[in-house]
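Residue numbers (our numbering): 26 to 661.
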C-alpha cells in the first residue's frame, strides 16, 4: 500500500520533477505534490497546503535554493528541506547544510532520495518530540517554581534530592542547605517515630498518604502543613524516591480556631443571657425585700447596718452578672472616664481563683487617677498579661507583681515611648518571676499569631490585642525580660483630671406619685416586691404574672392605667410584644420595659415606641426616678 507524502517541489524543470515523483512512487510513496519555480509561487503554496517536506533544485533561472530556504525559514521553519540538484560542488553543499538544508541528493543518483527523505523525516519527528518534551518540562518547571505548595523529593533513606522555591520561602532553608540533608530537619517533635513510620509504610504499600503535619522552620518556629506523600518506582517495582507535597495551612487552622471560638462565645452569650435573666430575678427578690425591710426598720440602726451589707453584696452580684454579659457579648467599645485602679483590683480577684496556689500575687495600687478607656478592655489587658505570667510560672511557681502609680513624664522621657506626650500618666507594671523570653524573639511578641506556647495551647493573639488596646488609648507598652529570671510589662496611659468622672451624689428622698400602674412579670415574687415598692411611693398598682392576662385587663378598660411596667423575657408573649399590642391601642400610654440586657435592647425599645427601660434587678431608686421622669415628660 502506497504511503502518502505531501511534497513541495521547487523545480523549474518539469521533466526533473516527474523523475523525482516516479522515484518516490517506485519506493512505495504516493506523492501529493506541487511544483513551483518562483518566490511568489512558493509563498502561495506554503500558505495553501500542509507539506511534509520541500525538495528544491539549487539553481533556477528565476529562483534559487537560497531564496527558497529564506522563505521556508520565514513561513515554515520546522518544515524539512532537501536539496535535489545536479553536481554543485563540495563547498556549496557544505554552505547549504550550514544554512539549514537537511541533506543533498544528486539528480544523477535518485536512489538515495527516499532513504534521505525517510531519515530527514525521522529526525524532524524526533526533533519535534524533543521540543514538545522540552516545552512541557519548561511549563512544569515554571509551575513548580511559582506554586505556593512545597515540593520535596528524597531518596529511600530520607536524604533530600530536590526542593522547589516554595520550600525555601516556607521553611527558611535555602536550596543549598536542603540538598543532601535529611528530611528529619523539618521534624517538630510533635509526632513520634511511629507517625513517620506509618507514613512511609503506607506509601510503600502503594497508597498515597494524606494528612496534616506539624513542621519546624529554620528559625525554630512551627507551622501546620497539609501534606501528601507518594513515591516513584523502578522497573522492578522497588521504591526509588519519596515525593512530598505540602501546603502551609497555619493561618487557615488559626482562622478555623477563631471561628470555633466565636461560635463558642456566641453559645456562651446565649447561655449567659438565660442565666442572667434567672439570676437577676433572684437578685431582684433579695434586693427588693431588703429595701422594703430597711424602710420598715428605721428605728433599728444595727439591723439596718446588716441589711446594708446585704445590699452591698447584692450590688457585687449585679456587677458580676454585668461582667458575664459584657464578656460574652460583642459590643462596640465605648471609652469613658474610668479609674483603672478599681478595674485592676477586680481583675486580680478573678485571677486569684484561676492561678495555681504556687503563684503569689502581690499588688500595689497607689493611684486614684482617671483615664479615658473602656473598662472592659482594661480588664482584658490585665487578664491577658496576668494569664501569660501565670503560664510562665506554672511549673515552678513564683511571684506575680502588679503595681499602679502616677507618674509625670517630661518631653525627654515621653520621647522614649512611641506616641506618648509629656504630662500626667498612670504606669501599670505587671511582672513575673517565670521563664522569661529569649532576646531573639522578644521583638515579635506583639505580632498577631506569634506564640512561644506549644502547638495548640495558644492563638498568639493575646499580646497583640493588648498592644492594640493600649495604642487605641494613646498609651504605650514596653517589655523587659531575662531568660530564667522573668518578664515585666510596663504600660503608660495618659491621665485626666478626676473632675471628668461624674460626681457621686447622695440620693435624696425617692420621687413619689399617685398614678395607676400595670405591673407585669412572670415571677410572682417580683410582682409582690414591685407592688410593695410602688405602693410605698403612693402609686396604685395592678399586678399580673401572665402577658395575656395583663393584655386582657388592659383591653377591658384601656383608660384604667397611666403607665405599664413589664418584664421583657416572659413565656407565650414577650414583654416587647405586649408593649407593642398596648401601644397600638393607646399610643400615648407610657410603657417601661424591664430587661437584663443593655445596649441591644435600647434600640429595640425605642423602635417599638417604648418610653424607657430599666435594668434588672430593679432598684427602688431606679424604678421611682424612671417613672417620675416618664410622667413629667408626658405632662410637659
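Note that the Cβ used here is the ideal one computed from N, Cα and C, for glycine as well.
Nothing here was measured: the structure is a model prediction, and the numbers come from that model.
Subject >> Separation of residue 546 from residue 567, as counted between CA atoms >> reply: The C-alpha of residue 567 lies about 11 Å from the C-alpha of residue 546.
Original post:
Would you call the region 158-173 and the region 184-202 touching, i.e. three or more CB-CB distances under 8 Å?
Top reply: Yes, since at least three Cβ pairs between the region 158-173 and the region 184-202 fall closer than 8 Å, the two stretches touch.
Original post:
Where does residue 110 land, buried or exposed, given buried means 16+ other C-beta within 10 angstroms?
Top reply: Around the beta carbon of residue 110, a 10 Å sphere encloses 16 or more other beta carbons of the protein chains shown; the residue is thus reported as buried.
Subject >> Inter-residue spacing [alpha-carbon to alpha-carbon] between residue 459 and residue 616 >> reply: Near 57 Å, if we compare the C-alpha coordinates of residue 616 and residue 459.
**OP:** Using three-state DSSP, classify residue 556 as helix, strand or coil.
**Re:** Helix at residue 556.
Original post:
Helix, strand or coil: how does DSSP classify residue 540 here?
Top reply: For residue 540, the secondary structure class from DSSP, reduced to helix, strand or coil, is coil.
Subject >> Helix, strand or coil at residue 592 according to DSSP, with G and I counted as helix >> reply: DSSP, read as helix, strand or coil, puts residue 592 in strand.
Subject >> residue 165 - containing alpha helix (DSSP H), residue span >> reply: For residue 165, the enclosing alpha helix (DSSP H) starts and ends at 138-171.
**OP:** For residue 624, count neighbouring Cβ atoms within 10 angstroms of its own Cβ and tell me buried if that reaches 16, exposed if not.
**Re:** For residue 624, the predicted structure reports a pLDDT of 49, less than 50, and the residue's modelled location is therefore unreliable. The matter cannot be settled from this model.
**OP:** Reducing DSSP to helix, strand and coil, say where residue 94 ends up.
**Re:** Correct three-state label for residue 94: helix.
**OP:** Please determine, among 401, 399, 370 and 397, the residue with the shortest C-alpha to C-alpha distance to residue 386.
**Re:** Comparing Cα positions, the closest option is 370.
Subject >> C-alpha distance - residue 327 paired with residue 312, whole-angstrom precision >> reply: Note on geometry: alpha-carbon atoms of residue 327 and residue 312 lie some 18 Å from one another.
Subject >> Spatial distance of residue 395 from residue 450 (CA atoms) >> reply: Rounded to the nearest whole angstrom, the CA to CA distance from residue 395 to residue 450 is 9 Å.
Subject >> Inter-residue spacing [alpha-carbon to alpha-carbon] between residue 98 and residue 104 >> reply: For residue 98 and residue 104, the distance between alpha carbons rounds to 9 Å.
Subject >> Pairwise C-alpha distance: residue 217 and residue 361 >> reply: Spanning the two alpha carbons is a distance of roughly 53 Å.
Subject >> residue 196 classed as buried or exposed, judged by whether at least 16 other C-beta atoms fall within 10 angstroms >> reply: Buried.
**OP:** On the DSSP bridge assignment, give the partners of residue 241 in chain order.
**Re:** Note: residue 241 sits in a beta bridge opposite 247.
**OP:** Report buried or exposed for residue 516, applying the criterion of at least 16 other Cβ atoms within 10 angstroms of its Cβ.
**Re:** With 16 or more Cβ atoms within 10 Å of its Cβ, residue 516 is classed as buried.
Original post:
Looking only at its own chain, which residues have a Cβ that is under 7 Å from the Cβ of residue 480, when we skip the five neighbours before and after it?
Top reply: Since pLDDT at residue 480 reaches only 48, below the 50 mark, its modelled position is unreliable, and the value read off the structure follows with that caveat. The answer, listed in chain order, is 215, 239 and 247.
Subject >> Where residue 175 falls: helix, strand or coil (DSSP) >> reply: In the structure shown, residue 175 adopts extended strand secondary structure according to DSSP, grouped into three states.
Original post:
Over what stretch of residues does the beta strand (DSSP E) that includes residue 620 continue unbroken?
Top reply: Where residue 620 is concerned, the enclosing beta strand (DSSP E) stretches over 616-620.
Original post:
What residue from 540, 538 and 467 has the CA that sits closest to residue 504's CA?
Top reply: Closest by alpha carbon: 467.
Original post:
Thinking just about the alpha-carbon of each residue, which of 552, 576 and 47 is nearest to the one in residue 306?
Top reply: When only C-alpha atoms are compared, the closest one is 552.
Original post:
Which same chain residues, not among the five before or five after residue 541, have their C-beta less than 7 Å away from its C-beta?
Top reply: Closer than 7 Å at Cβ, skipping near neighbours: 565, 585, 586 and 587.
Original post:
Taking the alpha-carbon positions, what's the residue 182 to residue 150 distance?
Top reply: Taking the Cα positions, residue 182 is about 40 Å away from residue 150.
**OP:** State yes or no: is the C-beta of residue 511 within less than 7 Å of the C-beta of residue 457?
**Re:** In this structure, residue 457 lies closer than 7 Å to residue 511 by Cβ.
Original post:
DSSP puts residue 28 in a beta bridge; with which residues?
Top reply: In the DSSP output, where bridge partners are listed per residue, residue 28 has 54.
Original post:
Quick one: what's got a C-beta closer than 6 Å to residue 364's C-beta in the same chain, skipping five residues either side?
Top reply: Close CB contacts of residue 364 within its chain, under the 6 Å cut and outside five residues either way in sequence, are with 395 (chain order).
**OP:** Out of 231, 237 and 177, point me to the one whose CA is closest to residue 210's CA.
**Re:** Each of 231, 237 and 177 was checked against the Cα of residue 210, and the nearest Cα belongs to 177.
Subject >> Three-state secondary structure assigned by DSSP to residue 498 >> reply: In this structure, residue 498 counts as coil in the three-state DSSP scheme.
Original post:
Under 7 Å, do residue 682 and residue 604 count as touching if we go by C-beta distance?
Top reply: Past the edges of the chain, shown from 26 to 661, lies residue 682, and the structure says nothing about it.
Subject >> Unbroken alpha helix (DSSP H) run spanning residue 534, endpoints >> reply: Where residue 534 is concerned, there is no enclosing alpha helix (DSSP H), because DSSP gives it neither an H nor an E.
Original post:
Taking DSSP as the reference, what is the three-state secondary structure of residue 441?
Top reply: Residue 441 falls in the coil class under three-state DSSP.
**OP:** Determine the DSSP secondary structure at residue 652, reduced to helix, strand or coil.
**Re:** Three-state DSSP puts residue 652 in a helix.
Original post:
Secondary structure at residue 660, three-state DSSP: helix, strand or coil?
Top reply: Collapsing the DSSP output to three states places residue 660 in coil.
Original post:
Is it a yes or a no for the region 57-66 touching the region 151-170, going by three-plus beta-carbon pairs under 8 Å?
Top reply: As far as the Cβ criterion goes, the region 57-66 does not touch the region 151-170, which means the pair count is below three.
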